[in-house]
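What follows is a single structure, written as structure tokens, with notes after it.
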Amino acid sequence: MASTTRARKTAAAKTTDAGTAPAVESAQTTAEPAGDPGAPEPADNPAPEAAPLEPPAVHEAPEPPAEPSYLSPTEVIPDEIAEVILDDATKKPPANVDAVFQPVTPYGSTLVCTVRLIERTHVGPHRNPIERLLQPKGAQVSESVAARIRERLVAQAAAAPVEK
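Each residue of the sequence shown is one higher than the one before, starting from 791 at the first, in this note's numbering.
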């Protein structure tokens with residue numbers, strides 16, 4: 791390392807001993823443009839005073855990614871598959887559709903299912919009858935799920951023949 795430092799010092803001493811000649815040469819080389827004599831000079835051209843003909847393009851911000859949607863089993867099952875919703879205890883449709891879901895708290899948005907609801911349907915090429923659980927008794931559901939089941943129960947009650 792000592793030899794490198796000494797070499798730098800002697801090179802610097804030789805340039806200062808030689809006089810001002812290297813300084814003059816460096817001033818001349820910086821004043822002359824390097825490269826092609828016909829090339830435009832950088833920084834000598836002022837900015838144009840005229841505005842561009844069209845305004846700059848403004849691009850809209852991209853849409854944020856969609857929120858992940860988490861579906862409950864009730865929302866995943868298509869309505870077209872199920873034929874009838876029944877109360878599991880009576881094996882008949884609920885008599886009072888409005889009493890099926892009750893609010894957990896007076897001002898809350900969560901509802902509780904008061905009966906065990908099942909769906910009776912037929913699946914497969916031979917239309918085998920099956921029953922599957924729609925909502926267990928005491929299940930807490932959101933208003934949207936309860937409204938969807940209520941709509942199906944109301945439509946089912948309207949389509950059912952009147953019993954005497």
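Cβ coordinates follow ideal geometry from the N, Cα and C atoms, glycine included. Since we're looking at a predicted model, the values are computed, not measured.
- In the three-state scheme derived from DSSP, where H, G and I count as helix and E and B as strand, Ser932 is classed as strand.
- Only exposed fits Pro893, as fewer than 16 other CB atoms lie within 10 angstroms of its CB.
- A direct Cα-to-Cα measurement between Ile920 and Pro854 gives close to 43 angstroms.
- Membership of Asp888 in any beta strand (DSSP E) is not indicated, and neither H nor E is assigned to it by DSSP.
- The criterion of a C-beta distance shorter than 8 angstroms is satisfied by Pro884 and Val905.
- Bounds of the beta strand (DSSP E) holding Asp877 are 874–877.
- Counting every other CB atom within 10 Å of its CB across the protein chains shown gives Glu839 a total below 16, marking it as exposed.
- When secondary structure is reduced to three states using DSSP, Arg938 falls in the helix class.
- Looking at the DSSP output, Glu921 sits in a beta bridge with Arg910.
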